[in-house]
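In this note's numbering, the protein residues as written are 898 to 1051.
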């Protein structure tokens, strides 16, 4: 092995080792695909919240018709819909679901279609309004459309 090949292999090994310890590598196991409106600032803020909490996010700005189509296909009941949807691990996460609740669902793998925070409650991730924090519920839902409280905040 000549010196040039040795140097290339060494640098490649160092880069691989650094990548394996980086936050980017850790995020690969928790990738979210998000569908949202391009004009909704709270959706972008929620995406930022998820990134800050270790998720890799592929965000797609889509039309309202396409957004509703994604939600219908994912099985989100109309009564639980909000402004954006994230898909990960076979689950749908509708609206301003907190990162720790998403992580819990992905870790525990409950038998449900997804989780939703209906509406846009003040103080939920992406809906920060100074010190105001409204109480809200994270709802779980199944393929029949049945829903129940999965978590409470506030």
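Every residue, glycine too, gets a C-beta built ideally from N, C-alpha and C.
Compare the Cα-Cα distances from residue 1033 to each of 1048, 935, 1023, 1011 and report the closest residue.
Scanning 1048, 935, 1023, 1011 for the CA closest to the CA of residue 1033 turns up 1048.
Between residue 971 and residue 931, is the Cβ-Cβ spacing less than 9 Å?
Taking 9 Å as the Cβ cut-off, residue 971 and residue 931 do not qualify as a contacting pair.
Less than 9 Å between the C-beta atoms of residue 1014 and residue 1021, yes or no?
Result yes, Cβ atoms of residue 1014 and residue 1021 sit closer than 9 Å.
Delimiting residues of the alpha helix (DSSP H) encompassing residue 1003
Under the DSSP assignment, residue 1003 falls in the alpha helix (DSSP H) whose first and last residues are 996-1005.
Leaving out the 5 sequence neighbours to the left and right, which residues in its chain are closer than 6 Å to residue 948 when beta-carbon positions are compared?
Correct list, in chain order: 954.
Cα-Cα, which of 950, 938, 1050 is closest to residue 929?
Each of 950, 938, 1050 was checked against the Cα of residue 929, and the nearest Cα belongs to 950.
Neighbour-count burial assignment, residue 1005, 16 or more Cβ in a 10 Å radius
That one is exposed.
Could you check whether the Cβ of residue 1026 sits closer than 9 Å to any Cβ belonging to chain D?
Checking the listed chains, one finds no chain D in this structure; it contains a single protein chain.
For residue 992, which residues does DSSP report across the bridge?
As a beta-bridge residue in DSSP terms, residue 992 pairs with 1014.
Quick check: the Cα distance between residue 978 and residue 969, rounded to an integer number of angstroms?
Straight-line Cα distance between these residues: approximately 10 Å.
Three-state secondary structure assigned by DSSP to residue 912:
Only weak support is given to the placement of residue 912: the predicted model assigns it a pLDDT of 33, under 50, and the question is left unresolved by the model.
Check the C-beta distance from residue 1023 over to residue 993 and give it rounded, since I have them as a contact under 8 Å.
That pair is a contact at about 5 Å.
Just tell me which of 1031, 940, 1007 has its CA closest to the CA of residue 1040.
Minimum Cα-Cα distance from residue 1040 among the listed residues 1031, 940, 1007 corresponds to 1007.
Considering only residues of the same chain and omitting the five flanking positions on each side of residue 986, which have a CB-CB separation below 7 Å?
The answer, listed in chain order, is 1003.
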